[in-house]
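Residue numbers (my numbering): 1086 to 1351. Even for Gly, the Cβ is constructed at its ideal location relative to N, Cα and C.
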């Protein structure tokens, strides 16, 4: 059941109104809410969002903002967890409902946490594509890099739909369309169904199949920069691969070769 204030109740100071909801699969959905007037964020960051519990206290979780920093609304992409304290209720929201948004963005998946480079790799599994959905719609990323490579690994072909639709629509984007057509390369993989690219992205990295398919050499810390967001297993495995190749992990205070989102997994 959707948790929301009574129709005649005043809007909470930190509540925003749902403007759009899309259910992509029985496990995945996205939604848009109004943007707090005070919110300023860098593409790739996350905020705390949530709903009120029956006792009137907020139940909050970290969610990457999937819309770019210039967007007038905020987009989020979420998994549905039947017994999840928040997602079991959040998945039932409708247009007009209220969602709490705390306007204090943070996160490591920002270009400021990386040293300059030639290619930027965005490696995601599942809902971990959300921060990259923000970044690939931001003109700044195409100014900084000669090539941007987005990989997205899901269990099934249907679970790729959100990312595929996003990438397919980029050529029509008035801000980044031309740059994205020239610089963005999308590589999708599926682990549990037959697909043109099958297998875990880490296996394809180790075998070299990923680099062969994209026409690149192995990852090189002299020119490649990497952002990672997904399951804990993906985060740890890619981190190991990168460190073995000589990459150094960066942060907002000490930019380096790669960054990992540690606040949550998707």
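Cα-Cα separation, residue i to residue j
i            : j            : result
residue 1339 : residue 1203 : 19 Å
residue 1136 : residue 1325 : 37 Å
residue 1236 : residue 1107 : 22 Å
residue 1241 : residue 1177 : 23 Å
residue 1100 : residue 1270 : 37 Å
residue 1233 : residue 1140 : 46 Å
residue 1098 : residue 1310 : 39 Å
residue 1189 : residue 1219 : 17 Å
residue 1290 : residue 1332 : 15 Å
residue 1320 : residue 1109 : 25 Å
residue 1243 : residue 1295 : 21 Å
residue 1193 : residue 1199 : 9 Å
residue 1118 : residue 1335 : 31 Å
residue 1245 : residue 1209 : 11 Å
residue 1126 : residue 1155 : 9 Å
residue 1266 : residue 1250 : 14 Å
residue 1248 : residue 1214 : 7 Å
residue 1323 : residue 1239 : 16 Å
residue 1130 : residue 1230 : 19 Å
residue 1263 : residue 1225 : 13 Å
residue 1212 : residue 1316 : 9 Å
Residue burial classification, residue i (beta-carbon count within 10 angstroms, cutoff 16)
i            : result
residue 1277 : exposed
residue 1281 : exposed
residue 1094 : The predicted position of residue 1094 is uncertain, since its pLDDT is 46 and thus under 50; a value taken from the coordinates is nonetheless stated next. Label assigned to residue 1094: exposed.
residue 1186 : buried
residue 1206 : buried
residue 1182 : buried
residue 1128 : buried
residue 1111 : exposed
residue 1122 : exposed
residue 1160 : buried
residue 1292 : exposed
residue 1357 : With the chain running from 1086 to 1351 in the structure shown, residue 1357 is simply not present.
residue 1312 : buried
Where the alpha helix (DSSP H) through residue i begins and ends
i            : result
residue 1217 : 1215–1220
residue 1224 : 1224–1229
residue 1252 : 1246–1254
Endpoints, beta strand (DSSP E) assigned at residue i
i            : result
residue 1236 : 1232–1239
residue 1105 : 1100–1108
residue 1135 : 1131–1137
residue 1345 : 1343–1345
residue 1119 : 1113–1119
residue 1205 : 1204–1210
Whole-Å CB distance - residue i paired with residue j, under 8 Å assumed
i            : j            : result
residue 1216 : residue 1308 : Actually they do not touch by this definition, with Cβ atoms about 22 Å apart.
residue 1283 : residue 1274 : 7 Å
residue 1144 : residue 1167 : So it is not a contact: roughly 16 Å between Cβ atoms.
residue 1175 : residue 1221 : Their Cβ separation, rounded to whole angstroms, is 25 Å, which puts residue 1175 and residue 1221 out of contact at 8 Å.
CB contact below 8 Å: residue i versus chain B
i            : result
residue 1201 : Of the protein chains in the structure, only one exists, and it is not chain B.
* Asked: What runs of the alpha helix (DSSP H), each 4 residues or longer, lie entirely inside the segment 1260–1338?
  -> 1262–1268, 1286–1292, 1294–1299 and 1317–1329
* Whole runs of the beta strand (DSSP E) within the segment 1128–1196, excluding any shorter than 3 residues -> 1131–1137, 1143–1149, 1158–1164 and 1183–1191
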